[in-house]
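Written below as structure tokens is the structure these notes are about.
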Amino acid sequence: MNRIILNERLVPNIFHLVVEAPEIASSARPGQFVMVIPDEKGERIPLNVADWDKSKGTIDLVFMNLGVSTRKLAGFKTGDFLEGVAGPLGRPAEVVDFGQVLLVGGCYGLAGLYPLARELKERGNQILFLAEARSRAYIYWENRIRKVTDEFLTAFRADCFSSDKDLEEIILGLKSWKPQLSRVVVMGCSYLLFTVSEITRKIGLKTRVNLNPLMVDGTGMCGACRVTVHGKTYFACVDGPEFDGHGVDWQEYFSRRKAFLSQEELALVHLVKKLDSQE
Amino acid sequence: MKKTELFEPGLTERLSREREKDWRKNLRREISAQKRLTIPRHKMPEQPPAQRIRNFLEVNLGYSLEMAKEEAQRCLDCGNPGCVAGCPVAIDIPTFIKYIEAGELDKALDKIRETNGLPAICGRVCPQEVQCEKNCNLVKAGKEPVAIGHLERFVADYLSLRSELNIEPGCVNSSRGKIAVVGSGPSGLTVAADLARLGYQVTVFEALHVPGGVLAYGIPEFRLPREILHSEINFIRSLGVEIKTNFIVGKTASPSDLREAGYSAFFLGTGAGLPGFMNIPGENLLGVYSANEYLTRVNLMKAFRFPDFDTPAPAARKVAVIGGGNVAMDAVRTALRLGAAEAVIYYRRSRAEMPARVEEIRHAEEEGVVFNFLTVPVRFLGDEKGRLRGMVLQRLTLGEPDASGRPRPVPVPGSEFEVEVDLAVVAIGQSPNPLLVKQVDGLKLGRWGNVEVDSETMASSLPGVYAGGDAVRGGATVILAMGDGRRAAKAIDKFLRKC
Ligand SMILES: Cc1cc2nc3c(=O)[nH]c(=O)nc-3n(C[C@H](O)[C@H](O)[C@H](O)COP(=O)(O)OP(=O)(O)OC[C@H]3O[C@@H](n4cnc5c(N)ncnc54)[C@H](O)[C@@H]3O)c2cc1C
Ligand code: FES
Chain A
1 MNRIILNERL VPNIFHLVVE APEIASSARP GQFVMVIPDE KGERIPLNVA DWDKSKGTID
61 LVFMNLGVST RKLAGFKTGD FLEGVAGPLG RPAEVVDFGQ VLLVGGCYGL AGLYPLAREL
121 KERGNQILFL AEARSRAYIY WENRIRKVTD EFLTAFRADC FSSDKDLEEI ILGLKSWKPQ
181 LSRVVVMGCS YLLFTVSEIT RKIGLKTRVN LNPLMVDGTG MCGACRVTVH GKTYFACVDG
241 PEFDGHGVDW QEYFSRRKAF LSQEELALVH LVKKLDSQE
Chain B
280 MKKTELFEPG LTERLSRERE KDWRKNLRRE ISAQKRLTIP RHKMPEQPPA QRIRNFLEVN
340 LGYSLEMAKE EAQRCLDCGN PGCVAGCPVA IDIPTFIKYI EAGELDKALD KIRETNGLPA
400 ICGRVCPQEV QCEKNCNLVK AGKEPVAIGH LERFVADYLS LRSELNIEPG CVNSSRGKIA
460 VVGSGPSGLT VAADLARLGY QVTVFEALHV PGGVLAYGIP EFRLPREILH SEINFIRSLG
520 VEIKTNFIVG KTASPSDLRE AGYSAFFLGT GAGLPGFMNI PGENLLGVYS ANEYLTRVNL
580 MKAFRFPDFD TPAPAARKVA VIGGGNVAMD AVRTALRLGA AEAVIYYRRS RAEMPARVEE
640 IRHAEEEGVV FNFLTVPVRF LGDEKGRLRG MVLQRLTLGE PDASGRPRPV PVPGSEFEVE
700 VDLAVVAIGQ SPNPLLVKQV DGLKLGRWGN VEVDSETMAS SLPGVYAGGD AVRGGATVIL
760 AMGDGRRAAK AIDKFLRKC
């Protein structure tokens with residue numbers, strides 16, 4: 001059981017939870033995630049660790065309210081308890097001297113990339129941060145991120161699927177502005193990961209994407225999180241979650257994420273009915 | 280008898296000392312051996328197949344007191360009990376059975392618990408037919424063996440509500456040293472219980488949110504109801520063992536963090552959690568699952584109660600399960616209970632080589648599972664949306680024995696054929712969980728990533744680090760894991776006394 005210290009809405013559909021988890025707070029590294037179980041009937045869902053405070057023994061989680069589990073999380077109040085939090089899981093992101101790095105974050109990825117930005121910056125890298133969102137109203141943690149980056153840029157798209165053009169222009173523009181740029185790390189919705197990878201593939205710019213496949217245990221025990229990268233199968237929870245965006249089999253990735261779409265809808269309807277009857 | 284002797288010196292003498300006690304002699308005299316030989320083995324009462332494939336309740340209903348006493352009378356209480364030699368933890372089987380015959384169930388349970396901390400579980404999942412019951416002397420007399428497993432289960436269940444335990448709860452003395460047990464499967468629970476009884480402070484670290492290892496995430500409720508598991512685990516907690524769930528050693532804290540926190544000995548009971556795949560085309564299609572995922576969704580996450588519980592299980596009409604062990608039987612019977620119209624086993628050897636418990640095979644057959652032997656998938660077929668729609672299979676014949684001593688399956692050229700399926704579960708085996716053991720510097724691993732240990736002490740290549748169960752053996756059995764745990768506990772005690 002983990003006590004909730006804070007639950008706040010950051011932007012219309014994105015929430016920020018601060019949770020007591022002292023052991024995780026002292027071992028978390030950028031790019032890692034935790035498995036969260038909201039209540040005793042809940043699923044185990046992966047959420048990136050968006051920050052941690054060793055001295056207070058807390059971790060920060062930022063998530064988009066999408067399905068049953070995140071809806072349950074969004075409903076928790078300060079002082080409530082989560083059924084469980086396990087982690088930190090996955091391989092940490094590489095933090096070495098890259099020179100210039102571009103971090104592209106969308107939805108929960110703005111927060112998810114924050115610790116990586118901070119640590120890369122501490123290592124002496126120059127950090128360009130590109131925040132992708134529907135509009136300015138969906139950008140959060142801007143000040144916090146600005147403190148640990150050199151450039152903070154934004155790209156707005158009416159929805160996930162519209163106008164990759166802007167994104168492409170921005171990224172290509174950045175590359176000509178900063179020719180030493182040698183590495184991109186992307187976190188956010190699947191479509192963003194895919195789009196950025198396709199853009200950078202054209203100019204051979206190394207791109208690491210944080211995949212977010214369905215998971216069950218998160219410890220390498222079930223294979224639900226299988227992804228194909230450069231023709232080889234990996235378990236994203238232990239071999240990733242960060243992979244080479246130019247090697248991911250995107251078609252398979254998108255289709256595997258939809259494995260339980262109809263059940264997910266059913267579960268949401270069930271939850272909403274239950275909440276209604278409680279009111 | 281040799282193997283058990285090695286495991287416990289003086290066992291033969293102890294057994295015969297018990298056997299020569301007056302109450303035993305009297306009991307033997309009460310009913311003649313001839314008369315005992317005429318009593319038929321009691322069948323386990325079961326839920327009828329048509330009913331049980333629509334629920335997740337336990338198939339076996341258990342003996343009544345009367346049945347158990349009569350079954351106990353079948354045991355001849357012979358002077359050379361083969362059953363004990365066949366038991367990997369050397370339970371004094373004749374003594375516990377005779378206590379049942381005498382109506383002294385408390386004493387029967389205490390006798391079992393002297394060497395086995397999880398009797399309600401072993402009575403349900405051990406492959407008795409190749410262990411204790413195989414060596415029962417009734418078999419030599421041309422009779423069916425005494426139903427030792429059913430009796431073990433009976434005693435444990437009958438007394439599960441007994442509040443007062445005759446075994447002294449561990450009097451934990453922290454000055455004796457702290458021990459970290461990694462993994463809460465049967466091997467870890469056994470080490471923990473044994474060391475707690477010796478007065479050590481033991482913490483069990485479990486990566487998942489529920490303790491029990493495979494008993495919690497793999498074996499379905501229709502074979503092992505979770506209340507049974509919980510009461511066995513509570514018993515172990517009552518000995519003073521602390522179980523920390525959601526704690527992944529190597530991630531949440533490293534072994535050296537734990538050493539710094541004062542843990543002076545380690546037991547790695549991390550199991551064989553890495554699911555095997557066949558590496559054939561189409562294996563990542565939607566609808567192809569590892570048995571671990573399928574069973575974890577249903578058992579650990581309770582997908583059979585979806586949407587009341589949030590985790591879904593895949594719905595399917597035509598289900599193919601690949602494999603012939605307990606895992607495959609559990610998966611295929613789970614599929615039936617989740618509503619599959621057709622549930623088929625594809626196994627690459629023949630019926631005789633199937634490693635599953637005979638009871639599971641029989642139950643599966645009664646429930647309508649179809650068995651296809653000497654067949655193996657070579658390719659999964661998908662539709663335009665990436666969903667599984669069928670598979671291509673190949674026929675095999677049995678050739679020369681391979682390293683495991685079983686005949687090697689050889690493909691029959693040109694024998695490929697296609698079947699329609701919408702769910703395939705791969706249950707071809709698991710290998711040791713690499714998460715922790717690959718991270719520990721200097722820990723010697725074998726070819727399959729298994730921890731190498733001294734088979735008597737379970738000591739690894741690192742001083743103070745012990746291992747056992749599936750982490751050492753690959754996919755084995757509950758009772759072997761427990762046997763490893765017992766040996767490791769003894770060795771850890773010795774090790775800590777020295778330092
Ligand atoms: C579906 C299925 C059915 C089976 N049926 C039978 C049967 O009928 N009879 C029988 O005898 N055997 C059966 N078996 C085999 C039997 O369950 C295993 O041999 C036995 O459970 C092994 O015990 P163990 O203690 O080695 O590990 P496990 O039971 O595998 O437990 C290992 C535990 O360690 C945890 N862990 C791993 N790494 C870490 C880490 N780094 N930190 C913290 N925790 C960690 C895991 O989460 C897991 O809970 C079956 C197995 C399966 C999968
Ligand atoms: S989520 Fe189960 S193996 Fe990755």
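In order, the protein sequence lines correspond to chains A and B.
The first sequence runs 1 to 279 under the working numbering.
The second sequence runs 280 to 778 under the working numbering.
Using N, Cα and C, we set each Cβ at its ideal position, and we do this for glycine too.
Treat the numbers as computed from the prediction; the structure is a model and nothing was measured.
- request: Please indicate yes or no: does the CB of residue 580 of chain B lie closer than 7 Å to some heavy atom of ligand 2?
  value: Here residue 580 of chain B corresponds to residue number 301 of the second sequence, with the count starting at 1. No; taking the cut-off as 7 Å, the Cβ of residue 580 of chain B has no heavy atom of ligand 2 nearer than that.
message: Would you call the segment 224–234 of chain A in contact with the segment 20–32 of chain A, where contact means no fewer than 3 C-beta pairs closer than 8 Å?
response: no
field: Span of the alpha helix (DSSP H) around residue 570 of chain B
entry: Within the second sequence, numbered from 1, the residue matching residue 570 of chain B stands at position 291. Where residue 570 of chain B is concerned, the enclosing alpha helix (DSSP H) stretches over 570–574.
- prompt: Where residue 7 of chain A and residue 134 of chain A are concerned, what is the direct C-alpha to C-alpha distance, given to the nearest angstrom?
  reply: On the first sequence, position 7 is the one that residue 7 of chain A refers to. On the first sequence, position 134 is the one that residue 134 of chain A refers to. Going by the C-alpha atoms only, they are around 23 Å apart.
message: Under 7 Å, CB to CB, which of the residues in the segment 209–230 of chain A have a partner in chain B?
response: 216, 217, 219, 220, 221, 222, 223, 224, 226 and 228
task: State yes or no: is the C-beta of residue 406 of chain B nearer than 7 Å to some heavy atom of ligand 1?
output: For this step, residue 406 of chain B is matched to residue 127 along the second sequence. Yes - ligand 1 has a heavy atom lying nearer than 7 Å to the Cβ of residue 406 of chain B.
- request: Measure from the C-beta of residue 260 of chain A to each C-beta in chain B and report whether the shortest distance is under 8 Å.
  value: On the first sequence, position 260 is the one that residue 260 of chain A refers to. Cβ-Cβ to chain B under 8 Å: yes for residue 260 of chain A.
message: Contact defined as beta carbons within less than 8 Å: I believe residue 544 of chain B pairs with residue 775 of chain B. What is the distance between those atoms, to the nearest angstrom?
response: Position 265 of the second sequence holds residue 544 of chain B. Position 496 of the second sequence holds residue 775 of chain B. Correct: roughly 6 Å between the Cβ atoms.
message: With DSSP as the reference, identify every bridge partner of residue 553 of chain B, one or two as the case may be.
response: Translated into the one-based positions of the second sequence, residue 553 of chain B becomes position 274. Bridge partners of residue 553 of chain B: B:710.
Members of the segment 567–580 of chain B near chain A, C-beta cut-off 7 Å: 569, 571, 572, 575, 576 and 580
task: Could you spell out where the beta strand (DSSP E) holding residue 673 of chain B opens and where it closes?
output: By 1-based counting over the second sequence, the position of residue 673 of chain B is 394. 667–680 is the span of the beta strand (DSSP E), which, as asked, contains residue 673 of chain B.
message: I want to see whether chain A comes within less than 8 Å of residue 488 of chain B, judged by CB atoms only; does it?
response: Walking along the second sequence from the start, residue 488 of chain B turns up at place 209. It does; some Cβ of chain A falls within 8 Å.
- prompt: Does any CB atom of chain A fall closer than 8 Å to the CB of residue 565 of chain B?
  reply: Locating residue 565 of chain B in the second sequence gives position 286, counting from the first residue. Closer than 8 Å: yes.
query: By Cβ distance below 6 Å, which residues in the same chain neighbour residue 354 of chain B in space, the five residues on each side in sequence not counted?
result: Start at 1 with the first residue of the second sequence, and residue 354 of chain B comes out as number 75. Answer for residue 354 of chain B: 376 and 425, listed in chain order.
message: Using C-beta distances below 6 Å, list every residue in its chain close to residue 695 of chain B, excluding the 5 sequence neighbours before and after it, in chain order.
response: Position 416 of the second sequence holds residue 695 of chain B. Answer for residue 695 of chain B: 671 and 673, listed in chain order.
- prompt: Does the Cβ of residue 38 of chain A lie closer than 7 Å to at least one heavy atom of ligand 1?
  reply: Here the question's residue 38 of chain A lines up with position 38 in the first sequence. Outside the cutoff, so no.
task: For residue 414 of chain B, name the three-state secondary structure that DSSP assigns.
output: Position 135 of the second sequence, counted from the start, is the residue given in the question as residue 414 of chain B. In this structure, residue 414 of chain B counts as helix in the three-state DSSP scheme.
query: What residues of chain A sit near residue 532 of chain B, judged by a beta carbon separation below 9 Å?
result: Here residue 532 of chain B refers to the residue found at position 253 of the second sequence. Simply 23, 26 and 27.
message: Quick check on this structure: which residue in B:403, B:722, B:414 and B:629 has the alpha carbon closest to the alpha carbon of residue 369 of chain B?
response: For this step, residue 369 of chain B is matched to residue 90 along the second sequence. Considering only alpha carbons, the answer is B:414.
- request: Under 7 Å Cβ to Cβ from residue 224 of chain A, same chain only, skipping five residues before and after it: list those, please.
  value: The residue labelled residue 224 of chain A in the question sits at position 224 within the first sequence. Only 214, 215 and 216 meet the Cβ criterion.
- prompt: So is the beta-carbon of residue 222 of chain A under 7 Å away from any non-hydrogen atom of ligand 2?
  reply: As a first step, residue 222 of chain A must be located in the first sequence, where it is residue number 222. Checking the Cβ of residue 222 of chain A against ligand 2 gives yes.
message: Quick check: the segment 740–756 of chain B against the segment 544–563 of chain B, are at least 3 beta-carbon pairs closer than 8 Å?
response: yes
task: Report the three-state DSSP secondary structure of residue 149 of chain A (helix, strand or coil).
output: The residue given as residue 149 of chain A occupies position 149 in the first sequence. Here residue 149 of chain A sits in coil by DSSP.
- request: Note down the Cα distance separating residue 206 of chain A from residue 240 of chain A, rounded to an integer number of angstroms.
  value: Along the first sequence, read from residue 1 onward, the residue named residue 206 of chain A stands at position 206. Along the first sequence, read from residue 1 onward, the residue named residue 240 of chain A stands at position 240. Rounded to whole angstroms, residue 206 of chain A to residue 240 of chain A spans 16 Å at the Cα level.
query: Given residue 650 of chain B, which residues of its chain have a CB within under 6 Å of its CB, disregarding the five upstream and five downstream residues?
result: Translated into the one-based positions of the second sequence, residue 650 of chain B becomes position 371. The residues are 624.
- request: Quickly, what does DSSP pair residue 121 of chain A with across the bridge? List them, please.
  value: Taking the first sequence and counting its residues from 1, the one referred to as residue 121 of chain A is at position 121. Answer is none; residue 121 of chain A lacks a bridge partner.
- request: Spell out whether any CB of chain A is found under 8 Å from the CB atom of residue 554 of chain B.
  value: What you label residue 554 of chain B is simply residue 275 of the second sequence in a count that begins at 1. Yes, contact with chain A.
- prompt: What residues are listed by DSSP as bridge partners for residue 210 of chain A?
  reply: As a first step, residue 210 of chain A is located in the first sequence; it is residue number 210 there, counting from the start. According to DSSP, residue 210 of chain A bridges with A:242.
message: According to DSSP, simplified to helix, strand and coil, what is residue 16 of chain A?
response: Here residue 16 of chain A refers to the residue found at position 16 when the first sequence is read from its first residue. Residue 16 of chain A: strand per DSSP, three-state reduction.
query: Hey, how far is the Cα of residue 595 of chain B from the Cα of residue 258 of chain A?
result: If you number the second sequence from 1, residue 595 of chain B lands on position 316. If you number the first sequence from 1, residue 258 of chain A lands on position 258. Those two C-alpha atoms are separated by around 16 Å.
- prompt: When we look at the beta-carbon of residue 622 of chain B and count the other beta-carbons within 10 Å, is it buried (16 or more) or exposed?
  reply: Here residue 622 of chain B is taken as the residue at index 343 of the second sequence, counted from 1. The residue is buried, with at least 16 neighbouring Cβ atoms inside 10 Å.
task: Kindly indicate the opening and closing residues of the beta strand (DSSP E) around residue 563 of chain B.
output: Here residue 563 of chain B is taken as the residue at index 284 of the second sequence, counted from 1. It is not in any beta strand (DSSP E) - residue 563 of chain B carries neither H nor E in the DSSP assignment.
Three-state secondary structure (DSSP) of residue 539 of chain B: The sequence position of residue 539 of chain B within the second sequence is 260, counting from 1. In this structure, residue 539 of chain B counts as helix in the three-state DSSP scheme.
query: The beta strand (DSSP E) spanning residue 275 of chain A covers which residue range?
result: Locating residue 275 of chain A in the first sequence gives position 275, counting from the first residue. Unbroken run through residue 275 of chain A is the alpha helix (DSSP H), 261–278; no beta strand (DSSP E).
- request: State the DSSP-derived secondary structure class of residue 52 of chain A, mapped to helix, strand or coil.
  value: On the first sequence, residue 52 of chain A is found 52 positions in, with the first residue counted as 1. Looking at residue 52 of chain A - three-state DSSP - the assignment turns out to be strand.
query: Does DSSP put residue 334 of chain B in a helix, a strand or coil?
result: As a working note, residue 334 of chain B is residue 55 in the second sequence. Looking at residue 334 of chain B - three-state DSSP - the assignment turns out to be coil, as it is neither helix nor strand.
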